[in-house]
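Read through the structure below, which is laid out as structure tokens, and then see the notes.
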Amino acid sequence: MNAAQAEPARSPFRLNGRQLVPILILPILLVNAISFLWPTFSLLRMSLNEPVAGGAIRETLTLQTYIDVMTDGFYLELVWNSIYLCSIITIVTLILSYPIALFIHRADPKWRSILTLMVISPLLVSAVVRTYGWVIILGDQGLINAFLMSTGLVERPARLIFNNFGVVVGLIEILMPYMILSLMAGFGRLDPRLEEAAQSLGAKRFTTLRRVTIPLTAPGIALGCLLVFVLSISSFVTPKLLGGGRVFLLATEIYDQSIVLLNWPLAASLSMLVLVIFGAALVVYSRIVKALD
Amino acid sequence: MEQKNSIPFTIVVGLLFIFLLAPVLLVFPMSFSGDSFMSFPPSSWSLRWYEALPQNRVLINALWTSLGLASVVTILSLVIAIPAAYAIARMDFFGREALFALFTAPLLLPSIVLGLAILIVFVGVGLISTFPGLVLAHLVVTLPYALRVLATALSTLPHQVEEAASSLGATPFTVFRRVTLPLMTPGIVAAAALAFLVSFDEVVISLFVVGPRITTLPVELYRYVDTRADPLVAAASVFLILGTVAVVLIVERTMGLNKAVGKS
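Chains as they are written, first to last, in our numbering: chain A, 15 to 307; chain Z, 10 to 273.
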């Protein structure tokens, strides 16, 4: 066939190239080794060292920092709080994103591209700017409090940031584009004729959604949830700025331990813990995808 | 035959879009505030924060550093990723897929973990608070993006033109320079824009690498928001958003993004 005919012509071209592979690959391999592989192994090695008072580090091979993290009530709560908040964020993000994705999927092509652009555009704006936007909305003298005060519903400004609420709201909005795009990618399997068929057989709109639309789009839901959970566990800027130092999550603790308290072994083992949570999320995801097939 | 979007559903989705876009849009009115602190809606309007912006030496110096850094990172990303993408998309060799996985693996690590890992190594070799240190740290995240975009662009190019050139006696390098490179221009523009935006916006990894001698704009904006609450950052954000729009428009003009997204 076509490929077989092209083969003799291509082979000298490929043979010449193959000797060049090491030279073509070498620069990226060097950068990867210096700024990824070496740091990652150093991080693993660092987690096995022992912190000494005053920010010094003793080089040993011990699991002490891991044992400390697992037995200290503060860190257990930190891990639990991170997983708990990020699960809430994932679920609410899904609920708020699904209608948008469904709407875009059903819109006619002209609107579809404009709406998709509106979903993508926040991704291009820095997380610092978008978090600052949430301070404008949720701050003590922000939009919501101005509205609440003017209606007389509250006398003093309600605390909407520097607590879990602010962090959750900010992260939901910041992560929504990822969820919407994942859902839209999964909507390819959704044939409008199936929904049509369900309704012409007498199913109500909500029944159609529950029994036809959502099961068909489940792979996109699973992908979006994995992505949002993983991104929320690892996000730092939004929890730090909207948490105002009062919300303790894994990512903010890694930063504080490494930059403020200079306890690198502890920061390194907390980092490893984040990677373990990532791995667990991936395992759950692949189980779900397998079950769906 | 299509399922229609009903009117109540349209209203719900409209409200959700307002939720999604409000934080970015509110930055614009906030930047024209006449107040000396953050309060929305502002009690008066003025251009005072736009006048204050160029007076802030820290932010202006950080802006120049970030622009220089993003430019160097973009050029290096292309110079390093184009040969690698060519090898991965066009050649058969042992370990090709494993290497591609290794080169894109940094994207799987959270920035906070990658930042700490880079800090631990860079402290030992004196790269903290240096320009080369920031370049290396940013390349870790820009290279996987550039490599992916370029490898995809290359694998969708037809082989035939290159094969014709090479069978007519052109050396592999000439084929690459005269045929492949011009054909992959849209991919190169997209990779360059992505690398520039990722580097210019990068905060978390930079936080671990910056120091008293050198700092970037996103890091300084982050620190400003963390310690003070006034509309100066809103004025700075307006410029950042407009800059991003400009980059996207350049890409659209070169690639015909609109045509690719809307009409095909």
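Positions of the beta carbon are idealized from the N, C-alpha and C atoms, including for glycine.
Quick caveat, the model's predicted, so the values are computed rather than measured.
Contact of Met-47(Z) with chain A is assigned, a C-beta pair being separated by under 8 Å.
At least one C-beta of chain Z is nearer than 8 Å to the C-beta of Lys-254(A). The three-state secondary structure of Ser-42(Z), taken from DSSP, is strand. Per DSSP, Pro-65(A) is one residue of the beta strand (DSSP E) stretching across 64-66. From the listed residues Val-290(A), Asp-154(A), Val-182(A), Ile-291(A), the smallest Cα separation to Glu-169(A) is found for Asp-154(A).
Gly-135(Z) counts as exposed, since fewer than 16 other beta carbons sit within 10 angstroms of its beta carbon.
For Ala-70(A), the enclosing beta strand (DSSP E) stretches over residues 70-72. Taking a C-beta cut-off of 7 Å against chain Z, the contacting residues of the segment 32-52 of chain A are Arg-32, Val-35, Leu-38, Ile-39, Pro-41, Ile-42, Val-45, Asn-46, Ile-48, Ser-49, Phe-50, Trp-52, listed in chain order. For Lys-254(A), the enclosing alpha helix (DSSP H) covers residues 251-257. By the CB criterion at 8 Å, Thr-165(Z) and Ala-204(Z) fall outside the cutoff.
Chain Z has a Cβ within less than 8 Å of the Cβ of Tyr-146(A). Taking 8 Å as the Cβ-Cβ cut-off, the segment 215-243 of chain Z approaches chain A at Leu-216, Phe-217, Pro-227, Leu-230, Tyr-231, Val-234, Asp-235, Ala-238, Val-242, Ala-243, given in chain order. Within its own chain, the residues whose Cβ lies closer than 8 Å to the Cβ of Ala-212(A), once the five positions on either side in sequence are excluded, are Thr-221, Thr-222, Arg-225, Val-226, listed in chain order. Out of Leu-275(A), Glu-187(A), Ile-235(A), Thr-107(A), the CA that lies nearest to the CA of Phe-28(Z) is found in Glu-187(A).
Under a criterion of Cβ atoms nearer than 8 Å, no residue of chain A is adjacent to Ser-75(Z); the nearest Cβ is some 11 Å distant. Between Asn-95(A) and Val-261(A), the alpha-carbon positions lie close to 9 Å from each other. For Phe-217(Z), the enclosing alpha helix (DSSP H) begins and ends at 213-218. Along the segment 232-255 of chain A, going in chain order, the ones with a CB nearer than 9 Å to a CB of chain Z are Val-244, Leu-245, Ile-247, Ser-248, Ser-249, Phe-250, Val-251, Lys-254, Leu-255. Interface flag for Phe-18(Z) against chain A is set, since a Cβ pair is found closer than 8 Å.
For the segment 140-165 of chain A, the beta-carbon criterion of a distance under 8 Å to any beta-carbon of chain Z is satisfied by Ser-140, Ala-141, Val-142, Val-143, Arg-144, Thr-145, Tyr-146, Gly-147, Trp-148, Val-149, Ile-150, Ile-151, Gly-153, Gln-155, Gly-156, Leu-157, Ala-160. Counting only runs of 4 or more residues that sit fully inside the segment 180-262 of chain Z, the alpha helix (DSSP H) segments are 181-184, 194-210, 213-218, 226-236, in chain order. Using a Cβ-Cβ cut-off of 9 Å, Met-190(A) is close to Leu-25, Phe-28, Leu-29 of chain Z, given in chain order.
A direct Cα-to-Cα measurement between Phe-41(Z) and Val-106(A) gives close to 33 Å.
Counting along the chain, no alpha helix (DSSP H) covers Asp-154(A), and no H or E run does either. Note: Trp-278(A) is not bridge-paired with any residue in the DSSP secondary-structure output. Put simply, the backbone Cα of Leu-131(A) is about 12 Å away from that of Phe-26(Z).
At least one C-beta of chain A is nearer than 8 Å to the C-beta of Leu-249(Z). The shortest C-alpha to C-alpha distance from Gly-257(A) to any of Met-190(A), Leu-197(A), Phe-179(A) is the one to Phe-179(A). Taking a contact to require three or more Cβ pairs closer than 8 Å, the segment 283-295 of chain A and the segment 68-87 of chain A qualify as touching.
With a cut-off of 8 Å on Cβ pairs, the segment 116-132 of chain Z is in contact with the segment 245-253 of chain A, counting three or more such pairs. Not a single CB atom of chain Z sits nearer than 8 Å to the CB of Met-193(A). Taking C-alpha positions only, Pro-171(A) is separated from Lys-13(Z) by approximately 42 Å. Membership of His-119(A) in the alpha helix (DSSP H) is indicated by the continuous run 87-120. Within the same chain, and ignoring the five residues on either side of Phe-201(A) in sequence, the residues whose Cβ sits closer than 8 Å to its Cβ are Ala-115, Leu-116, His-119, Thr-231, Gly-234.
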